[in-house]
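Here is the structure we will look at.
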Amino acid sequence: MSAAVVFGATGFLGRGLLRELLTDDGDVLVVAAVRSAESGARLRDRLASDGVPLDRLSVHVFDPDAAELALDPVPADVRDVYNLAAAFAFGMTSHAAREVNVVLAEKITRFAAVMGARRLVHVSGYRVAAYPAVPAPWPQRHRRRTYRRFGAYEASKIEADAVVRALADRLGVPLTVVNPGTVIGDSRTGAADQFLGLAELVVQLARGRLRAVPGSRRTVLPVVTVDHLARFLALVPRDPETVGQAYWVLDEATPPLPELVALVADELGVRAPRRRIPVAVLRALPSRLTGAEKETLSFLSADTYPTAAATALARRHGLEYPPVRPALRLWARHLAATAPDPADG
7 MSAAVVFGAT GFLGRGLLRE LLTDDGDVLV VAAVRSAESG ARLRDRLASD GVPLDRLSVH
67 VFDPDAAELA LDPVPADVRD VYNLAAAFAF GMTSHAAREV NVVLAEKITR FAAVMGARRL
127 VHVSGYRVAA YPAVPAPWPQ RHRRRTYRRF GAYEASKIEA DAVVRALADR LGVPLTVVNP
187 GTVIGDSRTG AADQFLGLAE LVVQLARGRL RAVPGSRRTV LPVVTVDHLA RFLALVPRDP
247 ETVGQAYWVL DEATPPLPEL VALVADELGV RAPRRRIPVA VLRALPSRLT GAEKETLSFL
307 SADTYPTAAA TALARRHGLE YPPVRPALRL WARHLAATAP DPADG
């Protein structure tokens, strides 16, 4: 039985992809690459509690610090490799962000080459389209400037995009890059357990702590539901035309941020703030006064993204975005009910 190996399997999106791969009609062995037997056991329990069949799931441990990645045990026939592994946090050091988002991504690319994979699917981020591409390896001066300008998280994702593309080309690895928008909860249930970025703003709104909407009336944080993104990721390796392509998977029907905040406020029965704070003001003021992480500000943009190819591919396979406004409402309700409160701990 051929195998699809998923790195980042224990994360929010990783579990969504496992759920999709394990419930489809295929006969592929789904290999969850995890850092310890304990995390693998927790993953199995979580999937089982969600009603996901586990008969085609195989959990394999790997050491992310090893010079060359190897799975224990080694799968017999690796067909596809998914890199969903990411350090998603704001305020990281450059070293911490690079170790996962760049260095581990490079190791996973080499792993795909050694395994002779049919496809490597690398999940990047939608903001990579906003900046001129600088081929890898980056000069030290450019790296320092980029990390200083954007912060460790976003800069490391931009660098990883360049590194993975260059290495895959050199090693002859068939690569597809997927650049998702902000990943929100399942369109059917709203379920999510990721509370950073836009989710943090929603939680602040729910708890009466959002005093103003950041950005302008045209600011958009484009979203995609986790179930839609998982289905898209699952179909990518099956289509030979996706080799060498990059796809921006985000719903262009996402309302502008002030409208999104009003929609969520209505769902939660709270008042939406009427004031807006321009990004320039947020940049100028200390974070302790605004409550806004400086790293998040580059996401507050009215930019548009090249989504046509992803939309066409999805439609060719019968996949459409679920209605975004009901999905946002369900997600907001779930976040309000489940998000931990920093004041409690």
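This note's numbering puts the first residue of the sequence shown at 7, with every later residue one more than the last.
Cβ atoms here follow ideal geometry from the backbone N, Cα and C, with glycine treated the same way.
Check, Outcome
"Pairwise C-alpha distance: Val-226 and Leu-266", "9 angstroms"
"Reduced DSSP secondary structure (H/G/I, E/B, other) of Gly-351", "Residue placement at Gly-351 cannot be trusted, given a pLDDT of 45 that sits under 50; what the coordinates show is reported in the next sentence. In the structure shown, Gly-351 sits in coil (DSSP, three-state: anything other than H, G, I, E or B)."
"Whole-angstrom distance between Ala-308 and Val-287, CA atom to CA atom", "17 angstroms"
"Straight-line Cα distance separating Phe-13 from Ala-39", "5 angstroms"
"Touch test, the region 73 to 88 against the region 45 to 54, Cβ-Cβ under 8 angstroms, three pairs minimum", "no"
"Gly-351 to Leu-341 span [Cα, whole Å]", "Note on Gly-351: pLDDT 45, under 50, position unreliable in the model; no value is reported."
"Residues near Asp-167 by beta carbon distance below 6 angstroms, same chain, minus five either side", "Ser-130, Val-134"
"Where Phe-13 sits in the DSSP three-state scheme", "strand"
"Backbone secondary structure at Ser-222 - three-state DSSP", "coil"
"Delimiting residues of the alpha helix (DSSP H) encompassing Tyr-159", "158 to 177"
"Test item: CB-CB of Ala-218 and Ile-283 under 8 angstroms", "yes"
"First through last residue of the beta strand (DSSP E) which encompasses Pro-332", "Counting along the chain, Pro-332 falls outside any beta strand (DSSP E), though it belongs to the alpha helix (DSSP H) covering 330 to 344."
"C-beta atoms of Ala-205 and Ala-198 nearer than 8 angstroms", "yes"
"Cβ pair Val-330, Asp-257 closer than 8 angstroms", "yes"
"Straight-line Cα distance separating Val-87 from Leu-241", "13 angstroms"
"Touching by the beta-carbon criterion (3+ pairs, under 8 angstroms), the region 102 to 117 and the region 166 to 181", "yes"
"Rounded distance between the beta-carbons of Phe-18 and Val-208, thought under 8 angstroms", "Their Cβ separation, rounded to whole angstroms, is 15 angstroms, which puts Val-208 and Phe-18 out of contact at 8 angstroms."
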